[in-house]
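K.L.:
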Amino acid sequence: MKKIFLAVYSSLEYYPPSLNALTCLLPHFDKVDILSRHVNKLAWDYDPKVTYTLSGDFVPIRQAEQKSMLWKVWSFLQFTWAMLQIIRKEKPQVVVLYDPFPTLAYSLIRPLLTHKHLLHYHNHDVLEQKYLPRYNLAAWAARAEQNLFDKIDIFSLPSEERKQYFPMDKFKGKYFYVPNVPARSFYGKFYQSNKATKPIKLIFQGTIAKGHGLEQIISQLLPKKINGKPVELHLRGLLNEEYKNSLLNLATQQGLNAQLIFHGFGAYQDVPKIASQCHIGIAVHTGTDVMNKTLGTSSNKIYEYAAVGLPILLYDNSHFRQHLGKYEWAFFTDLSEQSLVACIEKIMANYETLSAQAHKDFVEHLNFEKYFEPLLAVYSQELRM
């Protein structure tokens, strides 16, 4: 019986690329064990061969982030103990670790594991050690991640630019670039070729916070009519009440409340349903930290918009132009009123063609399956699957 174990510290459903990986892995394994902390109510429709273990009592992810250090250490120890129990019992041929915290847990239990297995490490989010307190779980996890590299058989990243943050000189295994693009198996069914174009619906999906041009869109774009059509801004994702109120106040000042629509935060399988009913995806990221500077291939939302046929608005900088400038459905804005209006006018003037091309690019080469297949081939070679 072929078995695989996947460990993620928050919730697998917070990482769509990992759900995509799971879909690709299922046909090749008889049993799949997944471990995460109990910070999310499971909503994904998991295959019967999947056993999903949640460590600890349920505490929503945002509340967990605010807990004391003592609570966080205890939560981590529960996670580590669960990992040891599952791996020792199931003896999986492959162990997949996502991000630094599972690597710390694995490093602690590794001396107690006796069976041979393939170790695959995939990093979603880079932890910059220089910004972490010395005596902190995150700092310990970051160090464990670095120290484990000579034991890793397969290492994968969603962005080539992030390789510089890892000790590749110690790495003796095989490296794979797996960008955060959506899966054909899931997103392929949501594309709508013909849409009503009044009003023009812009959508932002993800963590709703500063740095995405939302204030500029509300104050400079929503008051306008583009070719006689009103503009709406749809927001879906996590946000705190303080920031939500600031956006509402900004809209209220100009009498635009009806054009600002909040969809809340929900299960991943509902994401494409909402996006497919809109016209333009907002993928503006103005941050300058490591994560924001390497989002060209690691922001799954960019390519999820394209998958359902949405042209996208991007922040105009060299990074995004390098990765997306070749696509006719990608439009770049400096967030000025003139730039925003010009982008929307260009998109709507040729909407059906741009929409169809975005979906076509997804189907042909911007899909997860294409990039994951070479990694699966190594699994097969190593395990003779």
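Numbering (our numbering), first residue to last: 1312 to 1696.
Idealized CB from N, CA, C, for every residue including glycine.
Just so it is clear, the structure is predicted and the values come from calculations on it, not from any experiment.
So, GLY1548 versus ILE1529, is the Cβ gap smaller than 7 Å?
P.N.:
Numbered from 1 along the sequence shown, position 237 holds the residue referred to as residue 1548. Numbered from 1 along the sequence shown, position 218 holds the residue referred to as residue 1529. Not closer than 7 Å, so no.
K.L.:
Closest to GLY1706 by C-alpha separation, out of PHE1631, LYS1657, LEU1677 and VAL1405, would be which residue?
P.N.:
The shown model of the chain, from 1312 to 1696, leaves out residue 1706, and the question about it has no answer.
K.L.:
What separation, rounded to the nearest whole angstrom, lies between the Cα atoms of VAL1595 and LYS1402?
P.N.:
The residue labelled residue 1595 in the question sits at position 284 within the sequence shown. The residue labelled residue 1402 in the question sits at position 91 within the sequence shown. Their Cα atoms are separated by approximately 44 Å.
K.L.:
From this set, VAL1689, GLN1692, GLU1684 and THR1391, which residue's C-alpha is nearest THR1334's C-alpha?
P.N.:
For the purposes of this step, residue 1334 is taken as residue 23 along the sequence shown, with counting starting at 1. Of the candidates VAL1689, GLN1692, GLU1684 and THR1391, the one whose C-alpha sits nearest the C-alpha of THR1334 is GLU1684.
K.L.:
For the alpha helix (DSSP H) that VAL1384 lies in, which residues bound it at each end?
P.N.:
One-based indexing of the sequence shown puts residue 1384 at position 73. From DSSP, the alpha helix (DSSP H) with VAL1384 extends over 1380 to 1401.
K.L.:
Using 10 angstroms around the beta-carbon of ASN1447, count the other beta-carbons present and answer buried if the total reaches 16, otherwise exposed.
P.N.:
Against the sequence shown, residue 1447 aligns to sequence position 136. Under this definition ASN1447 is an exposed residue.
K.L.:
Determine the DSSP secondary structure at ARG1348, reduced to helix, strand or coil.
P.N.:
As a position in the sequence shown, residue 1348 is number 37, starting the count at 1. Strand at ARG1348.
K.L.:
Mapping the DSSP letters down to three states, classify VAL1674 as helix, strand or coil.
P.N.:
For the purposes of this step, residue 1674 is identified with residue 363 of the sequence shown, where counting begins at 1. Three-state result, VAL1674: helix.
K.L.:
Grab me the residues of TYR1502's own chain with a C-beta within less than 6 Å of its C-beta, minus the 5 sequence neighbours each way, in chain order.
P.N.:
As a position in the sequence shown, residue 1502 is number 191, starting the count at 1. Contacts found: VAL1619, GLY1620 and HIS1670.
K.L.:
Please tell me whether MET1659 and ILE1585 are closer than 7 Å, where the distance is taken between their beta carbons.
P.N.:
Here residue 1659 refers to the residue found at position 348 when the sequence shown is read from its first residue. Here residue 1585 refers to the residue found at position 274 when the sequence shown is read from its first residue. Cβ atoms of MET1659 and ILE1585: not closer than 7 Å.
K.L.:
Do you know how far the Cα of HIS1431 is from the Cα of LEU1546?
P.N.:
Walking along the sequence shown from the start, residue 1546 turns up at place 235. Walking along the sequence shown from the start, residue 1431 turns up at place 120. Roughly 35 Å between the two C-alpha positions.
K.L.:
Beta carbon of LYS1509, beta carbon of HIS1590: below 7 Å?
P.N.:
Translated into the one-based positions of the sequence shown, residue 1509 becomes position 198. Translated into the one-based positions of the sequence shown, residue 1590 becomes position 279. It is not a contact, given that the beta carbons lie outside the stated cut-off.
K.L.:
Expressed to the nearest angstrom, what Euclidean distance is found between the alpha-carbon atoms of GLN1588 and GLU1543?
P.N.:
Your numbering for residue 1588 matches position 277 in the sequence shown. Your numbering for residue 1543 matches position 232 in the sequence shown. So the two alpha carbons sit approximately 12 Å from each other.
K.L.:
Is the Cβ-Cβ distance between VAL1703 and ALA1375 less than 7 Å?
P.N.:
The requested residue 1703 is not part of the displayed model; the chain covers only 1312 to 1696.
K.L.:
I need the DSSP call for SER1322, collapsed to helix, strand or coil.
P.N.:
Position 11 of the sequence shown, counted from the first residue, corresponds to residue 1322. It is coil, neither helix nor strand.
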